[in-house]
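Q:
2 protein chains.
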Amino acid sequence: MEDYTKLFDTYLNSRKMKLTASRRLILEAVFSLHEHFDAEQLHQVLRSASQDISLATVYRTLPLLLQAGLIQPSPRPGTRGMYEHIWGHPRHAHWVCVRCGAVQETPLDSVDPILAREARNLKFETQETSVEVKGLCWKCQNSANDSQ
Amino acid sequence: MEDYTKLFDTYLNSRKMKLTASRRLILEAVFSLHEHFDAEQLHQVLRSASQDISLATVYRTLPLLLQAGLIQPSPRPGTRGMYEHIWGHPRHAHWVCVRCGAVQETPLDSVDPILAREARNLKFETQETSVEVKGLCWKCQNSANDSQ
DNA sequence: AAATAGCTTGCGACTGATTCTCATTTGAGG
DNA sequence: CCTCAAATGAGAATCAGTCGCAAGCTATTT
Numbered sequence: 001m002e003d004y005t006k007l008f009d010t011y012l013n014s015r016k017m018k019l020t021a022s023r024r025l026i027l028e029a030v031f032s033l034h035e036h037f038d039a040e041q042l043h044q045v046l047r048s049a050s051q052d053i054s055l056a057t058v059y060r061t062l063p064l065l066l067q068a069g070l071i072q073p074s075p076r077p078g079t080r081g082m083y084e085h086i087w088g089h090p091r092h093a094h095w096v097c098v099r100c101g102a103v104q105e106t107p108l109d110s111v112d113p114i115l116a117r118e119a120r121n122l123k124f125e126t127q128e129t130s131v132e133v134k135g136l137c138w139k140c141q142n143s144a145n146d147s148q
Numbered sequence: 149m150e151d152y153t154k155l156f157d158t159y160l161n162s163r164k165m166k167l168t169a170s171r172r173l174i175l176e177a178v179f180s181l182h183e184h185f186d187a188e189q190l191h192q193v194l195r196s197a198s199q200d201i202s203l204a205t206v207y208r209t210l211p212l213l214l215q216a217g218l219i220q221p222s223p224r225p226g227t228r229g230m231y232e233h234i235w236g237h238p239r240h241a242h243w244v245c246v247r248c249g250a251v252q253e254t255p256l257d258s259v260d261p262i263l264a265r266e267a268r269n270l271k272f273e274t275q276e277t278s279v280e281v282k283g284l285c286w287k288c289q290n291s292a293n294d295s296q
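Line by line, the protein sequences are chains A and B.
Numbering-wise (our numbering), the first sequence opens with residue 1 and increments by one.
Numbering-wise (our numbering), the second sequence opens with residue 149 and increments by one.
#1: Please name the residue, chosen from B/Val281, B/Glu276, B/Gln275 and B/Thr274, that lies closest to A/Thr129 on a Cα-to-Cα basis.
#2: Would you verify that the beta carbon of B/Val187 is, or is not, closer than 8 Å to some beta carbon of chain A?
#3: If you draw a straight line from the alpha carbon of B/Trp243 to that of A/Phe124, how long is it in whole angstroms?
#4: Taking 8 Å as the cut-off, decide whether the C-beta atoms of B/Phe185 and B/Tyr231 are in contact.
#5: Leaving out five residues on either side along the sequence, give the residues of the same chain with a beta carbon under 8 Å from the beta carbon of A/Leu12.
#6: Measure the beta-carbon distance from B/Leu194 to B/Val178 and round it to whole angstroms, keeping in mind my assumption that it falls under 8 Å.
#7: In three-state DSSP terms, what is B/Ser278?
#8: Applying a beta-carbon distance threshold of less than 8 Å, which residues of chain A neighbour B/Lys166?
#9: Quick check on the DSSP output: the alpha helix (DSSP H) that includes B/Gln192 runs from which residue to which?
#10: Using only the alpha-carbon positions, how far apart do A/Val103 and A/Ala93 sit?
#11: Does any residue of chain B have a CB that is nearer than 8 Å to the CB of A/Lys6?
#12: How about A/Glu35: is its C-beta nearer than 8 Å to some C-beta of chain B?
#13: Check whether the Cβ atoms of B/Ile201 and B/Ile174 lie closer than 8 Å to each other.
#14: Where does B/Ala204 fall in DSSP's three states?
#15: Suppose contacts are defined by Cβ-Cβ distances below 8 Å. Is B/Leu210 in contact with B/Ala187 by that definition?
#16: Taking Cβ-Cβ distances below 9 Å as the criterion, which residues of the region 262–274 of chain B are in contact with chain A?
#17: What would DSSP say about A/Val30, mapped onto helix, strand or coil?
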């Protein structure tokens, strides 16, 4: 049993809920995806694997995974209903252009120690750090000056 | 004419669009609010000021303000259709508990210089920095151990 | 293994948010 | 004032997400 499956099971038990076949399959699908996803996409993945799970069940399961700390809402603003699983991928900052929506990433090496210190102060158990900087990418700075 | 009105006008002109009375009123309303808001709330504000602007127009104007760089989607994940105007309020980090949803804030003094340096490298014109740390607050760490 | 109780699921109806359509109005320029 | 493109209001249409209920599982008890 995968690590995350165990975690989910524990969470469900604590709520008198069951780790059913459907939930297990949804969990598998979530961790098979390495990009942001929404309920609809997850449902597609399951369908294409011939797993007949209703969309309603997908919608019902996502909040559970969220509460169990296995997924989180996508940090991208303006994207609705998007999630991503919590995975040990390298921490990074997002630089989001508010005009064109382009996103660049930079590593978080220099920021992480600072946040780790503050987490200690707050007694906060960090799962994922997301640093979002919004503004204008250099392209849009130029087009803004050209008045379009 | 306020600074932001001028900015909006410039943006609209560049698109062959007009700074109409409605748009001006919506802009006023947006900048009168110092909290996150959605289309509905904005519409209420306008109504209570006896400005009869249809909800559809509010919905049509928000993307324009967004593109003009005057507002941005709320950085809080899971809040859909929420915006806030871009205002020089003090930068801070959010510590969001993925289980109970509680949010704490800490100032960004130590992180800011680092991001400023990276912005320079990327030629990125920063408008707002949001640092979101997700994990378990100390309360939920405890209740997790108590298996609820 | 059958009986039971409670949790889960699928289905389709439902809700609320957002977008679209189109007839009418408004605004800038001539 | 005239004209034409752009903007608006009202309500219909769409879309994502939720809900209610009857039927299906699962774990547990006889």
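We put the CB at the ideal spot given by N, CA and C, even for glycine.
None of the values given here were measured: they were computed from a predicted structure.
A: According to the data block:
#1: B/Val281
#2: It is Ala, not Val, that sits at residue 187 of chain B in the sequence shown. Interface criterion not met: the Cβ of B/Ala187 is under 8 Å from no Cβ in chain A.
#3: 8 Å
#4: yes
#5: Lys18, Leu19, Arg23, Leu64 and Ala68
#6: The pair is not a contact, with the Cβ atoms about 10 Å apart (cut-off 8 Å).
#7: strand
#8: The CB of B/Lys166 never comes closer than 8 Å to any CB in chain A; the least such distance is about 15 Å.
#9: Ala187 to Ser196
#10: 10 Å
#11: Chain B, which has no Cβ nearer than 8 Å to the Cβ of A/Lys6, makes this no.
#12: no
#13: yes
#14: helix
#15: Yes, the Cβ-Cβ distance between B/Leu210 and B/Ala187 is below 8 Å.
#16: Ile262, Leu263, Arg265, Glu266, Ala267, Asn269, Leu270, Lys271, Phe272, Glu273 and Thr274
#17: helix
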